[in-house]
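Student: Sequential numbering from 15 applies to the sequence shown in the working numbering.
Dropping a structure here in structure tokens format, bear with me for questions.
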Amino acid sequence: MTRPRVPLEPGRIVGVVDIGATAIRLVIAEIGPNGTWRRLDRAGKPISLGRDVFTTGYLSAESMRQSIKILSGFRELLDGWGITTSDVRVIATSAVREAKNRDMFIDRVFVRTGFRTVVVEGVEENHLTYLAVQHALAPKRQEFLKTGSLIIEVGGGSTELMLLNRGQMVAAHSLRIGTVRMEQQVRPGWDTGLQIEEYLKENIRVTRELLDAEMRLDRVKFFVAVGGDARIAAATVGRKTGDAYSEIAADDFRAFVAGLMQCSIEETVHELGVTYYEAEGLLPALIVYRGFLEATSADTLIVPDVSIREGVLATFALGTEENVVRQFYDQVIASARSLGRRYHYDERHALHVRELAVQIFDGMKEDHGMDAHCRLLIEAAAILHDIGYFIRSAGHHKHGQYIIENSEIFGVSRTDVRIISNVVRYHRRSAPMPTHPSFSSLRREHRMVVMKIAAILRVADALDRGHIQRVSSVSLERNEDDVMFHCTHTGDISVEKNGVAVKGGMFEDVFGYRVVIL
Numbered sequence: 015m016t017r018p019r020v021p022l023e024p025g026r027i028v029g030v031v032d033i034g035a036t037a038i039r040l041v042i043a044e045i046g047p048n049g050t051w052r053r054l055d056r057a058g059k060p061i062s063l064g065r066d067v068f069t070t071g072y073l074s075a076e077s078m079r080q081s082i083k084i085l086s087g088f089r090e091l092l093d094g095w096g097i098t099t100s101d102v103r104v105i106a107t108s109a110v111r112e113a114k115n116r117d118m119f120i121d122r123v124f125v126r127t128g129f130r131t132v133v134v135e136g137v138e139e140n141h142l143t144y145l146a147v148q149h150a151l152a153p154k155r156q157e158f159l160k161t162g163s164l165i166i167e168v169g170g171g172s173t174e175l176m177l178l179n180r181g182q183m184v185a186a187h188s189l190r191i192g193t194v195r196m197e198q199q200v201r202p203g204w205d206t207g208l209q210i211e212e213y214l215k216e217n218i219r220v221t222r223e224l225l226d227a228e229m230r231l232d233r234v235k236f237f238v239a240v241g242g243d244a245r246i247a248a249a250t251v252g253r254k255t256g257d258a259y260s261e262i263a264a265d266d267f268r269a270f271v272a273g274l275m276q277c278s279i280e281e282t283v284h285e286l287g288v289t290y291y292e293a294e295g296l297l298p299a300l301i302v303y304r305g306f307l308e309a310t311s312a313d314t315l316i317v318p319d320v321s322i323r324e325g326v327l328a329t330f331a332l333g334t335e336e337n338v339v340r341q342f343y344d345q346v347i348a349s350a351r352s353l354g355r356r357y358h359y360d361e362r363h364a365l366h367v368r369e370l371a372v373q374i375f376d377g378m379k380e381d382h383g384m385d386a387h388c389r390l391l392i393e394a395a396a397i398l399h400d401i402g403y404f405i406r407s408a409g410h411h412k413h414g415q416y417i418i419e420n421s422e423i424f425g426v427s428r429t430d431v432r433i434i435s436n437v438v439r440y441h442r443r444s445a446p447m448p449t450h451p452s453f454s455s456l457r458r459e460h461r462m463v464v465m466k467i468a469a470i471l472r473v474a475d476a477l478d479r480g481h482i483q484r485v486s487s488v489s490l491e492r493n494e495d496d497v498m499f500h501c502t503h504t505g506d507i508s509v510e511k512n513g514v515a516v517k518g519g520m521f522e523d524v525f526g527y528r529v530v531i532l
């Protein structure tokens, strides 16, 4: 994720560039105090990167040339604001992410413009969008915390979905449904709205059923539609109700979509005063919004005037890694717990092991050298360490790894998910080996994080071996050779001591201390 490591002083001007499937866009903002920012300027140029990639799998030479030209123009605009390259974040989403020649494109952008491009995964798009929405809808926070919410953004190459219950993340998904992808599928009937609707119906139905299994969508009363197409609808049939958002009555939105289905693209351009490029993707995007809206109980669409770019601005404003972790902490934990419940985990045991693991992590701070982000990863791994029991008890550590690798945890990157899945894999039985592909494919520093976290998790899990929480808490004391675990407990803990004797070897190998349970 695009996280600055050094906090920026208030008043500093920064820029964010978003290389998307249908356009390259820029936002310039001033960083304020306490995680705030103020937008100063924005610019955008249409480009058909998605049309190239979703058809051929490659970015064409012409699209690359156009992209360089647009980015060079943005470089001049940023220079005019006095913004240096170090204060610019450049992100690329679905089109560049899926391009087989993306490395060549990224290198060419750097050589010609000096911009270092970060390709964000779908799950990262989700949490950047969440940050932006949270900022824009701050005045509605209390309403947001009282009910079920669905945040949806339809882009050129993907649709991002976040489902929340009383402000806590239940699920986050990145779907391969986007306006440019739809164009490739339904071009023969593009002039007929019904053709688009039929194409989308099955895709939306499957996703709605998936979301319904996680939380009934008819409990959703707070429907947030993010994106340029939603903003066009809001400007036409909505009303501005806040500094950074608009609202559309659900019935007015349905009527607007029904009217558009009777119009050609040319008529849409004339009636709404939008460009042909904007009109092409408008109807399919609005049909996706409507498809999910119909499954909810929302009578209003909230349309914030933000995008993923404002999410990156929020990470600029938050500054340090610790601040970013704090911002996402509750949602990451809520998402991990939601995933655990989906696979019927032992919640009491999982949450207790999480508490013990955190106590050990904090007690070993001087020895492990890990930061707040790693602390969050050990919490998520502890919550999910036994999730593999859903498949089978024998080898459940490997089953758990498989489940997590093929799941999404809101607020963490795909690399983080791989780290968590490996920690779950190594919370019992074999230690990591160079012959294990999923472990050896990680970068060296990430392999060390896996080993340190897994070593701690093994001890924490052993301290609740009976799943009855006899050991309520631990504090640590070290001498030259040993780490003494002072356990607050009830009853005989010989089972737990035996568990640590069996599983504590990796802790000694990683940290160089014997584990002594007192």
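In this text, a Cβ means the ideal position worked out from N, Cα and C, and glycines have one as well.
#1: Let me confirm a value: residue 351 is counted as buried when at least 16 other C-beta atoms fall within 10 Å, else exposed. Which label applies?
#2: Quick one: Cα of residue 519 to Cα of residue 501, how far?
#3: If we count Cβ pairs, one from each stretch, closer than 8 Å, do we get three or more for the segment 309-318 versus the segment 116-130?
#4: By a C-beta neighbour count over all protein chains shown, 10 Å radius and 16 as the cutoff for buried, is residue 265 buried or exposed?
#5: Determine which residues share a DSSP beta bridge with residue 499 and list them.
#6: Can you tell which of 408, 346 and 384 has its C-alpha closest to the C-alpha of residue 178?
#7: Buried or exposed for residue 36, please, with buried defined as at least 16 other CB atoms from any protein chain shown within 10 angstroms of its CB.
#8: Smallest Cα separation from residue 94: which of 153, 29, 489 and 143?
#9: Here's a check: name, in chain order, each residue in its chain whose Cβ is nearer than 7 Å to the Cβ of residue 512, leaving out the five neighbours to either side.
#10: Which residues in the same chain as residue 295 place their Cβ atom closer than 6 Å to its Cβ, once the five residues preceding and following it in sequence are excluded?
#11: Tell me the rounded alpha-carbon separation between residue 443 and residue 400.
#12: Which residues does DSSP pair with residue 455 in a beta bridge?
#13: Can you give, in chain order, each stretch of the alpha helix (DSSP H) that sits fully within the segment 77-162 and has at least 4 residues?
#14: Within 10 Å of its beta-carbon, does residue 125 have 16 or more other beta-carbons around it, so buried, or fewer, so exposed?
#15: What are the uninterrupted segments assigned as alpha helix (DSSP H) that are 4 or more residues long and contained completely in the segment 237-298, given in chain order?
#16: Taking the alpha-carbon of residue 494 as reference, which of 339, 530 and 461 has the nearest alpha-carbon?
#17: Kindly indicate which residue of 466, 329 and 488 has the alpha-carbon position closest to the one of residue 46.
#18: Using the rule of at least 16 other Cβ atoms within 10 Å of the residue's Cβ for burial, across every protein chain shown, is residue 471 buried or exposed?
#19: Relative to the C-alpha of residue 71, which candidate in 84, 112, 33 and 60 has its C-alpha closest?
#20: Tell me the residue span of the beta strand (DSSP E) that contains residue 182.
#21: Identify the continuous beta strand (DSSP E) that holds residue 54 and give its terminal residues.
#22: In the DSSP assignment, what are the bridge partners of residue 32?
#23: State the Cα-Cα distance for the pair residue 527 and residue 54, rounded to the nearest angstrom.
#24: Alpha carbon to alpha carbon, what distance is there between residue 505 and residue 17?
#25: Going by C-alpha distance, which of 448, 373, 354 and 332 is nearest residue 403?
#26: What three-state label does DSSP hand residue 504 in the structure shown?
#27: In the structure shown, what three-state DSSP assignment does residue 316 receive?
#28: If I follow the unbroken beta strand (DSSP E) through residue 436, where does it start and stop?
#29: In whole angstroms, what separates the C-alpha of residue 498 from that of residue 378?
#30: CA-CA distance, residue 257 and residue 435?
#31: So the beta strand (DSSP E) residue 176 belongs to, where does it begin and stop?
#32: Distance, Cα to Cα, residue 82 vs residue 62?
#33: How should residue 108 be labelled, buried or exposed, when 16 other C-beta atoms within 10 angstroms of its C-beta is the threshold for buried?
#34: Applying the criterion that 16 or more other CB atoms from any shown protein chain within 10 Å of the CB defines a buried residue, is residue 407 buried or exposed?
#35: Within 10 Å of its beta-carbon, does residue 180 have 16 or more other beta-carbons around it, so buried, or fewer, so exposed?
#36: For residue 349, which residues in the same chain have their Cβ closer than 6 Å to its Cβ, ignoring the five residues on either side in sequence?
Tutor: Working from what's here:
#1: Position 337 of the sequence shown, counted from the start, is the residue given in the question as residue 351. Its Cβ being crowded by 16 or more others within 10 Å, residue 351 is buried.
#2: Taking the sequence shown and counting its residues from 1, the one referred to as residue 519 is at position 505. Taking the sequence shown and counting its residues from 1, the one referred to as residue 501 is at position 487. So the alpha carbons of these two residues sit roughly 19 Å apart.
#3: No contact exists between the segment 309-318 and the segment 116-130.
#4: Here the question's residue 265 lines up with position 251 in the sequence shown. By the 10 Å Cβ count, residue 265 comes out exposed.
#5: Walking along the sequence shown from the start, residue 499 turns up at place 485. Answer is 490 and 531.
#6: Here residue 178 is taken as the residue at index 164 of the sequence shown, counted from 1. Selected option, being the one with the closest Cα: 346.
#7: Numbered from 1 along the sequence shown, position 22 holds the residue referred to as residue 36. It counts as buried.
#8: For the purposes of this step, residue 94 is identified with residue 80 of the sequence shown, where counting begins at 1. The shortest Cα separation from residue 94 among 153, 29, 489 and 143 belongs to 29.
#9: On the sequence shown, residue 512 is found 498 positions in, with the first residue counted as 1. Excluding positions up to five away in sequence, the list is empty.
#10: In the sequence shown, counting from the first residue as 1, residue 295 sits at position 281. Excluding sequence neighbours, residue 295 sits near 193.
#11: Within the sequence shown, the letter at position 429 stands for residue 443. Within the sequence shown, the letter at position 386 stands for residue 400. So the two alpha carbons sit approximately 13 Å from each other.
#12: Mapped onto the sequence shown, residue 455 falls at position 441. Looking at the DSSP assignment, residue 455 forms no beta bridge with any residue, so it has no partner.
#13: Listed in chain order, they are 108-112, 116-127, 136-150 and 155-158.
#14: Indexing the sequence shown from 1 puts residue 125 at position 111. By the neighbour-count rule (16 or more Cβ atoms within 10 Å), residue 125 is not buried but exposed.
#15: List check, alpha helix (DSSP H) in window: 242-251, 264-274 and 279-286.
#16: Against the sequence shown, residue 494 aligns to sequence position 480. Closest option to residue 494, Cα to Cα, is 530.
#17: The sequence position of residue 46 within the sequence shown is 32, counting from 1. Among 466, 329 and 488, the Cα nearest to that of residue 46 is on 329.
#18: Here the question's residue 471 lines up with position 457 in the sequence shown. That one is buried.
#19: Locating residue 71 in the sequence shown gives position 57, where the first residue counts as 1. Residue 71 has its Cα closest to that of 112, out of 84, 112, 33 and 60.
#20: Counted from its first residue, the sequence shown places residue 182 at position 168. First-last of the beta strand (DSSP E) with residue 182: 182-189.
#21: Position 40 of the sequence shown holds residue 54. Note, residue 54: beta strand (DSSP E), 51-60.
#22: Residue 32 sits at position 18 when you count from the first residue of the sequence shown. Its beta-bridge partners are 39 and 105.
#23: Locating residue 527 in the sequence shown gives position 513, where the first residue counts as 1. Locating residue 54 in the sequence shown gives position 40, where the first residue counts as 1. In a straight line, the C-alpha of residue 527 is about 55 Å away from that of residue 54.
#24: Sequence index remark: in the sequence shown, residue 17 carries index 3 (1-based). Sequence index remark: in the sequence shown, residue 505 carries index 491 (1-based). Residue placement at residue 17 is poorly supported in this model, since its pLDDT is 42, which falls under 50; the coordinates still yield a value, given next. One C-alpha to the other measures close to 47 Å.
#25: The residue you call residue 403 lines up with position 389 of the sequence shown. Comparing Cα positions, the closest option is 354.
#26: For the purposes of this step, residue 504 is identified with residue 490 of the sequence shown, where counting begins at 1. Residue 504 falls in the coil class under three-state DSSP.
#27: Here residue 316 is taken as the residue at index 302 of the sequence shown, counted from 1. If DSSP states are grouped into helix, strand and coil, residue 316 belongs with the strands.
#28: Counting from 1 along the sequence shown, the entry for residue 436 is found at position 422. Here residue 436 belongs to no beta strand (DSSP E); instead the alpha helix (DSSP H) covers 428-439.
#29: By 1-based counting over the sequence shown, the position of residue 498 is 484. By 1-based counting over the sequence shown, the position of residue 378 is 364. So the alpha carbons of these two residues sit roughly 11 Å apart.
#30: By one-based count along the sequence shown, residue 257 stands at place 243. By one-based count along the sequence shown, residue 435 stands at place 421. Their Cα atoms are separated by approximately 42 Å.
#31: Position 162 of the sequence shown, counted from the first residue, corresponds to residue 176. Annotation for residue 176: the continuous beta strand (DSSP E) segment containing it runs 173-179.
#32: Taking the first residue of the sequence shown as 1, we reach residue 82 at position 68. Taking the first residue of the sequence shown as 1, we reach residue 62 at position 48. Their Cα atoms are separated by approximately 13 Å.
#33: Along the sequence shown, one-based indexing puts residue 108 at 94. So residue 108 ends up on the buried side.
#34: Reading the sequence shown from its first residue, position 393 is the one you call residue 407. Burial call: exposed.
#35: For the purposes of this step, residue 180 is identified with residue 166 of the sequence shown, where counting begins at 1. By the neighbour-count rule (16 or more Cβ atoms within 10 Å), residue 180 is not buried but exposed.
#36: Here residue 349 refers to the residue found at position 335 of the sequence shown. Closer than 6 Å at Cβ, skipping near neighbours: 183, 423 and 424.
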